[in-house]
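Peer 1: My structure is below; once you've seen it, I'll send some questions.
2 protein chains.
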Amino acid sequence: MPRAGLDPAVITAAAAGLADEVGPANVTMGLVAERLGVRAPSLYKHIAGQADLNRRIAVLVVTEMGDALRDALQGRAGRDALEAAARTLRAYVVEHPGRYASTLPLNPEGPDDPVAVAGGRVLDSLAAVLSGYDIDPADTVHAMRLLRSLFHGFAAIEAAGGFEMDTDVDRSFDWMIDFIDRGLRK
Amino acid sequence: MPRAGLDPAVITAAAAGLADEVGPANVTMGLVAERLGVRAPSLYKHIAGQADLNRRIAVLVVTEMGDALRDALQGRAGRDALEAAARTLRAYVVEHPGRYASTLPLNPEGPDDPVAVAGGRVLDSLAAVLSGYDIDPADTVHAMRLLRSLFHGFAAIEAAGGFEMDTDVDRSFDWMIDFIDRGLRK
DNA sequence: AGCTAAAAGCTAATAGAATTAGCCACATCT
DNA sequence: AGATGTGGCTAATTCTATTAGCTTTTAGCT
Chain A
367 MPRAGLDPAV ITAAAAGLAD EVGPANVTMG LVAERLGVRA PSLYKHIAGQ
417 ADLNRRIAVL VVTEMGDALR DALQGRAGRD ALEAAARTLR AYVVEHPGRY
467 ASTLPLNPEG PDDPVAVAGG RVLDSLAAVL SGYDIDPADT VHAMRLLRSL
517 FHGFAAIEAA GGFEMDTDVD RSFDWMIDFI DRGLRK
Chain B
367 MPRAGLDPAV ITAAAAGLAD EVGPANVTMG LVAERLGVRA PSLYKHIAGQ
417 ADLNRRIAVL VVTEMGDALR DALQGRAGRD ALEAAARTLR AYVVEHPGRY
467 ASTLPLNPEG PDDPVAVAGG RVLDSLAAVL SGYDIDPADT VHAMRLLRSL
517 FHGFAAIEAA GGFEMDTDVD RSFDWMIDFI DRGLRK
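As they're listed, the protein sequences go chains A and B. Using this note's numbering, the letters of the first sequence correspond one by one to residues 367 to 552. Using this note's numbering, the letters of the second sequence correspond one by one to residues 367 to 552.
Below is the structure:
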């Protein structure tokens with residue numbers, strides 16, 4: 367039995383991929399193992415269990431989002447940056463609905479939690495977007511939470527198929543970006 | 367063995383209550399049965415299985431939200447209505463985080479799906495809120511989606527403990543209501 | 001009141017998933 | 001070559017969902 371070259375990152379990537387393909391609820395240890403050409407118990411040599419695996423997926427997701435955001439925001443400011451950030455996050459969720467959904471039940475355990483650390487980078491990008499507007503420093507936290515809530519809510523509902531097809535979701539998305547931009551401009 | 371007087375509604379209520387108490391992931395058939403003074407297999411005389419139970423919880427949640435919203439909006443309009451709606455939904459999620467979370471993975475199967483029907487009543491209430499503003503009819507759908515996304519996103523993040531404690535979440539909530547109100551006023 | 005039949009519980013059995021224990025081969029380092 | 005630790009495997013355990021089949025209650029009818 368030749369070695370399979372597993373490590374936590376490889377397993378996490380496989381599980382995240384499966385979540386996108388078959389839905390988070392159907393990602394079983396056995397399925398992940400099969401995808402990697404290995405038996406289920408072997409996974410435990412690298413990860414502590416299902417809870418650990420989910421936490422790692424969450425870190426992966428938030429890290430990927432942070433990277434995508436940083437790339438997308440290069441050289442942009444103001445409304446341009448807002449739009450780029452919104453589109454980037456939405457695209458990520460639409461392309462990876464499963465892994466995104468599997469991070470939902472997770473709350474960081476503290477400031478040192480890797481999920482919180484990776485999340486911090488996403489927040490930094492959102493802060494960068496807001497820096498392009500003239501916002502009272504005391505209100506920045508609120509504006510940040512507004513963006514987070516809106517982006518997350520929209521993405522979650524869209525990924526779950528919650529919007530009726532009748533009216534174009536793209537159009538609503540553009541309308542929302544406009545709405546926020548105008549509001550932040552005051 | 368006297369009869370326990372079970373029916374789908376009683377089982378659904380028990381499961382929803384447990385979801386709030388122990389978290390959706392820990393709601394097991396056995397636990398629900400125990401709470402009702404019955405053995406697990408007996409539940410299957412009334413519900414089809416776990417998936418069915420979750421769908422029923424979703425209907426319960428959306429129905430309860432719709433009722434609460436309708437009550438809260440009685441005799442209110444404009445900013446007053448917006449604020450009442452937002453507070454009502456937020457309060458519901460904070461009080462029932464478990465049952466709310468267990469409805470997240472659910473997408474209505476079609477217009478006849480009871481989840482969609484109950485959801486329609488919530489949307490009607492949101493439409494009523496928007497009717498207090500002077501919005502181009504062509505934009506109403508977009509504004510509705512904005513409200514849905516924002517309320518859902520904020521509630522989901524707060525329920526999951528996603529906001530840092532440092533800055534008062536209540537204050538951010540009020541700020542967001544103001545932001546939306548000003549934007550809708552155009 | 002007594003009969004019948006459907007409904008509602010129960011116990012026992014099945015099946016699937018996570019996790020643990022314990023064994024053995026491979027790979028690495030000298 | 002040989003010692004050693006890591007990574008994989010099989011077997012066993014536990015927990016949960018679900019199904020099968022039996023028994024009692026209860027509602028409806030005469």
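Glycine residues also receive a C-beta, built at the ideal position from the N, C-alpha and C atoms.
1) Identify whether PRO474/B lies in helix, strand or coil by the three-state DSSP scheme.
2) Counting only beta-carbon separations shorter than 7 Å, does LEU513/B have a partner in chain A?
3) Could you list which residues in chain B have their beta carbon closer than 7 Å to that of ASP505/A, in chain order?
4) Which residues mark the beginning and the end of the alpha helix (DSSP H) in which PRO480/B is found?
5) Compare the Cα-Cα distances from VAL376/B to each of PRO368/B, VAL404/B and ALA482/B and report the closest residue.
6) By the three-class DSSP mapping on this structure, what secondary structure does ARG369/A have?
7) Compare the C-beta of SER491/B against all C-beta atoms of chain A and say whether one is closer than 7 Å.
8) What in chain B is Cβ-close to GLY498/A, meaning under 7 Å?
9) ASN473/A touches chain B at which residues, Cβ-Cβ below 7 Å?
10) In its own chain, which residues sit with a C-beta less than 6 Å from the C-beta of LEU448/A, not counting the 5 before and 5 after it?
11) Could you say if the stretch 373-387 of chain B and the stretch 417-427 of chain B meet the contact criterion of at least three C-beta pairs nearer than 8 Å?
12) Rounded to the nearest angstrom, what separates SER515/A and ARG453/B at their Cα positions?
13) When burial is assigned at 16 or more other CB atoms within 10 Å of the CB, is GLY528/B buried or exposed?
14) What does ALA467/B reach in chain A if we use C-beta pairs closer than 9 Å?
15) Can you confirm whether GLY415/B, when its beta carbon is compared against all beta carbons of chain A, has any partner nearer than 7 Å?
16) Could you tell me whether any Cβ in chain A is nearer than 7 Å to the Cβ of GLY396/B?
17) How about GLY486/A: is its C-beta nearer than 7 Å to some C-beta of chain B?
18) With DSSP as the reference, label HIS412/A as helix, strand or coil.
19) What's the gap between the Cα of LYS411/A and the Cα of GLY371/A?
20) Short check: CB of PRO471/B to CB of VAL481/B, under 7 Å?
21) Excluding the 5 residues flanking PHE520/B on each side, which residues of the same chain have their C-beta closer than 8 Å to its C-beta?
22) From this set, PRO368/A, ALA414/A, ARG487/A and TYR466/A, which residue's C-alpha is nearest ARG436/A's C-alpha?
23) Considering Cα atoms alone, identify which of ASP490/A, GLN440/A and TYR466/A is closest to HIS391/A.
24) If we ignore side chains and look at the alpha-carbon of each, how far apart do ARG418/A and LEU409/A end up?
25) Distance, Cα to Cα, ARG442/A vs ASP534/A?
26) Give, in chain order, every residue of the stretch 437-460 of chain A whose Cβ lies closer than 8 Å to some Cβ of chain B.
27) Name the chain A residues whose beta carbon is nearer than 9 Å to that of GLY549/B?
Peer 2: The answer reads as follows:
1) For PRO474/B, the three-state secondary structure derived from DSSP is coil.
2) Answer no: the Cβ-Cβ gap between LEU513/B and chain A never drops below 7 Å.
3) The answer, in chain order, is TRP541.
4) For PRO480/B, the enclosing alpha helix (DSSP H) has its first and last residue at 480-497.
5) That would be VAL404/B, whose Cα lies nearest to the Cα of VAL376/B.
6) In the structure shown, ARG369/A sits in coil (DSSP, three-state: anything other than H, G, I, E or B).
7) Cβ-Cβ to chain A under 7 Å: no for SER491/B.
8) Those do not exist, as GLY498/A stays about 17 Å from chain B at its closest Cβ, beyond 7 Å.
9) Here the neighbours are ALA526, GLY527 and GLY528.
10) Cβ within range, chain order: VAL495 and ASP547.
11) Touching, per the Cβ criterion.
12) The C-alpha of SER515/A lies about 15 Å from the C-alpha of ARG453/B.
13) It counts as buried.
14) In chain order: LEU470 and PRO471.
15) Proximity of GLY415/B to chain A, defined by a Cβ-Cβ separation below 7 Å, is not satisfied.
16) No, GLY396/B does not count as interfacial toward chain A.
17) Judged by the 7 Å Cβ criterion, GLY486/A is not in contact with chain B.
18) Coil at HIS412/A, not helix or strand.
19) Distance from the CA of LYS411/A to the CA of GLY371/A, rounded to the nearest whole angstrom, comes to 12 Å.
20) No, Cβ-Cβ distance for PRO471/B and VAL481/B is not below 7 Å.
21) Excluding residues within five positions, the ones whose Cβ falls inside 8 Å are ARG456, PHE539 and MET542.
22) If we check each option's Cα against that of ARG436/A, ARG487/A comes out closest.
23) Correcting the residue type first, residue 391/A is Ala in the shown sequence and not His. The shortest Cα separation from ALA391/A among ASP490/A, GLN440/A and TYR466/A belongs to TYR466/A.
24) It is worth fixing the name first, because residue 418/A is Asp in this sequence and not Arg. Counting only the Cα atoms, LEU409/A lies some 11 Å from ASP418/A.
25) The straight-line gap from Cα to Cα measures roughly 27 Å.
26) Of all residues in the stretch 437-460 of chain A, none has a Cβ within less than 8 Å of some Cβ in chain B.
27) Correct list: PHE545, ILE546, ARG548 and GLY549.
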